[in-house]
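Chains as they are written, first to last, in our numbering: chain A, 1 to 366; chain B, 1001 to 1366.
Each residue gets a CB set at the ideal place from its N, CA and C atoms; glycine is no exception.
Input: a single structure, listed below in structure tokens.
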């Protein structure tokens, strides 16, 4: 069954679009009163993630309210380490934390192969529930954290105030052990994303939120090559999967890779084979297009702080962002998004202003 | 009187050097037991900054221990907002905080013109005390935070866990007020650096620690142009100052600009007119050299986490860093440094290993 709105997938495949599609990282979140109401009903954040019906409800809220062009599974980038037994939790007003952390080689050896269809069954259930509820209005994006970013949290036991210095220490003291952990995570992330595709995800995204903290000399070895392995596994597995789902184009499920702080390494990120590359607000979209725009679609890159400003500034920033990408010609693709997740302090009306500005302005660039 | 060791200044002026000079950001710090002893004597961090004799003592400690090629004034990047009445303090294990913060236009209007020779007399006294104690062994670097970075702290009231989202909000809601604050800081930082030069600083460095959080579209307007104005003021004022100090070369005091996270904007940073540009560990030194190396010297860029690793890794990383810059030919300059401040967890012996590795390996690249 065709999508009512397939702008997102067309842009991701660098096919012609009549306007620029838009969705926002963390679009189902605390800035929405309806989200807060559902979350209250669920209890805490992880209970909301683990309840397929309620996860479906919050996934659809921003689609219903703003008419965004893609839905993204409501979940967390850290479900895998949680399922591996590290015990993810969130304290009021704080970032993610783990009960246990990886401290030594033995902790890595002790990590068994994850069976997502058992330990992360709730995610597959959420995807199929959302997919059904969406009834082909817009495509659904599945996602996971990247191996490096998961390893950062698993070793550090939570977020970091010092660019994960303690994890970077491993690069210079036990790189082999770190690679063992990353290789286990490649398998887990791949299996997990493939499970999401099996359950109905139309595209998947890999978040390398902390890739930008890697030294340039080590980014490829400790992050890029592992993401590349995941893209290859997802592509290979998704071709027969999609055939069974009735698609006749022989194409794999498209992948988007986002490395926050990775603006200097776009060529390397594009070389993962991903169909889309996320761009944060420190990189000029037009320059990114010149470097990798003929190989992949670009997604981004408005500063989330712009949504805390006035409507006049939001309209100006949307126009500037669209113009920085430039005229949308054949063979390039732009998906409008923020350069990072939306802030909890965003007035919902400002998101409506952004969506309207993209709809009004982007056709002029065609 | 000539320096016993002027490698640092020669590299900064892109003149021939027989080996690569090295100093480390935050080289006088908590990783040194002798520093901790002096700090205990002073009481807290700010009391140490404000005591010229003890500030001199800690400034010289890493020179004495490691034979580094430049000394840097022991102080903090936030002395200016402190002198403007915001009340800087440090709590155990936490970053800098202010008693008062800039919340509205009226708070900016209320900031008077700073007279560094009165309110920051202790810094001039520290510089002249250190300069005397050094007795021309190596050059002395003075420094300040950049206007944007100072504004981040002044508006936020301290550090930030969200890339200074609340400050970036000003870009989109009251950019004019923010510019007023930045312009006041241009005058204060310039006057402050000129005072340090008058007291004996041989070079000055501007730390734009949070410049990398600016969106690319706004970096020039909210940070670069203000740093450029400072470089121009410092250059203009230092020519007659140096003449009075007995220098006959007619040259200004050299300036180093370091924008953490600014690797994508090196051309713009070099266009400030600074003699040296700091490079963090996310940028390849050789690529940086290709982009701006004929206009300015480059300083950096070892990951500080490498100093937490094994000696074998430290030697390999030093060699890799020197090789990434490439053969040191005429008209280019490289000053070895870290890509950010040294960690408090660094074993001092690892710094000795680094200094020795630079001394042993760098002559081979000539």
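Check	Outcome
Beta carbon of residue 1064 (chain B): closer than 6 Å to some heavy atom of the ligand ZN?	Among the ligands in the structure shown, none appear at all, so the ligand ZN cannot be discussed.
Give the DSSP-derived three-state secondary structure of residue 162 (chain A) in the structure shown.	coil
Under three-state DSSP, which class holds residue 89 (chain A)?	strand
Kindly list, in the order they appear in chain A, the residues whose Cβ is closer than 7 Å to that of residue 1303 (chain B).	168, 215
According to DSSP, is residue 205 (chain A) helix, strand or coil?	strand
Could you tell me which uninterrupted alpha helix (DSSP H) segments, each at least 4 residues in length, are contained entirely in the region 309-335 of chain A, listed from first to last along the chain?	311-325
Beta carbon of residue 1257 (chain B), beta carbon of residue 1279 (chain B): below 7 Å?	no
Report the partner residues of residue 277 (chain A) according to the DSSP bridge assignment.	A:257, A:298
Residues in the region 1244-1269 of chain B with C-beta within 8 Å of chain A's C-beta atoms, listed in sequence order?	1261, 1263, 1264
Report yes if the C-beta distance between residue 172 (chain A) and residue 1300 (chain B) is below 7 Å; otherwise report no.	no
Would you say the region 1033-1040 of chain B touches the region 1104-1122 of chain B, given that touching needs at least three Cβ pairs under 8 Å?	no
From the beta carbon of residue 1031 (chain B), is the nearest beta carbon of chain A less than 7 Å away?	no
Please state whether the Cβ-Cβ distance between residue 197 (chain A) and residue 253 (chain A) is less than 7 Å.	yes
Closer than 8 Å by beta-carbon distance: list the chain B residues that pair up with residue 382 (chain A), in chain order.	The question about residue 382 (chain A) has no answer, for chain A in this structure spans 1 to 366.
Can you check DSSP and say which residues form a bridge with residue 414 (chain A)?	Here chain A has residues from 1 to 366 only, and residue 414 (chain A) is not among them.
Let's test the definition: count the other Cβ atoms within 10 Å of the Cβ of residue 1267 (chain B) and tell me whether it reaches 16, buried, or not, exposed.	exposed
Less than 7 Å separating the beta-carbons of residue 1120 (chain B) and residue 1131 (chain B)?	no
Between which two residues does the beta strand (DSSP E) carrying residue 1144 (chain B) extend?	1140-1145
Report, in whole angstroms, the separation of the C-beta atoms of residue 32 (chain A) and residue 62 (chain A), which I expect to be a contact under 8 Å.	7 Å
Expressed to the nearest angstrom, what Euclidean distance is found between the alpha-carbon atoms of residue 1283 (chain B) and residue 248 (chain A)?	44 Å
For chain B, is any of its Cβ atoms less than 7 Å away from the one on residue 309 (chain A)?	yes
Counting only Cβ-Cβ distances shorter than 7 Å, please list the residues of the region 1171-1202 of chain B near chain A, keeping chain order.	1171, 1172, 1173
Under 7 Å between C-beta atoms, does residue 1284 (chain B) make it to chain A?	yes
Express the C-alpha separation of residue 1305 (chain B) and residue 166 (chain A) in angstroms, rounding to a whole number.	8 Å
Please report how far the alpha carbon of residue 201 (chain A) lies from the alpha carbon of residue 142 (chain A), in whole angstroms.	5 Å
Could you list the residues in the region 288-300 of chain A with a C-beta less than 9 Å from some C-beta on chain B, going in chain order?	none
Contact between the region 1141-1156 of chain B and the region 88-99 of chain A is defined here as three or more beta-carbon pairs at a separation below 8 Å; is this criterion met?	no
According to DSSP, what are the bridge partners of residue 1239 (chain B)?	According to DSSP, residue 1239 (chain B) bridges with nothing at all.
Determine, using beta carbons only, whether residue 362 (chain A) comes closer than 7 Å to chain B.	no
Of all the CB atoms in chain A, is at least one closer than 7 Å to the CB of residue 1209 (chain B)?	no
Output yes if chain A places a C-beta closer than 7 Å to the C-beta of residue 1343 (chain B); else output no.	yes
Do you know offhand how far residue 1315 (chain B)'s Cα is from residue 1160 (chain B)'s?	34 Å
Relative to the alpha-carbon of residue 1148 (chain B), which residue among B:1123, B:1273, B:1178 has its alpha-carbon at the smallest distance?	B:1178
Identify the contact partners of residue 306 (chain A) in chain C, using a Cβ-Cβ distance below 7 Å as the criterion.	No chain C is part of this structure, whose protein chains are labelled A and B.
Helix, strand or coil: which one does DSSP assign to residue 21 (chain A)?	coil
Going by alpha carbons, who is nearest to residue 1251 (chain B) out of B:1317, B:1168, B:1012?	B:1012
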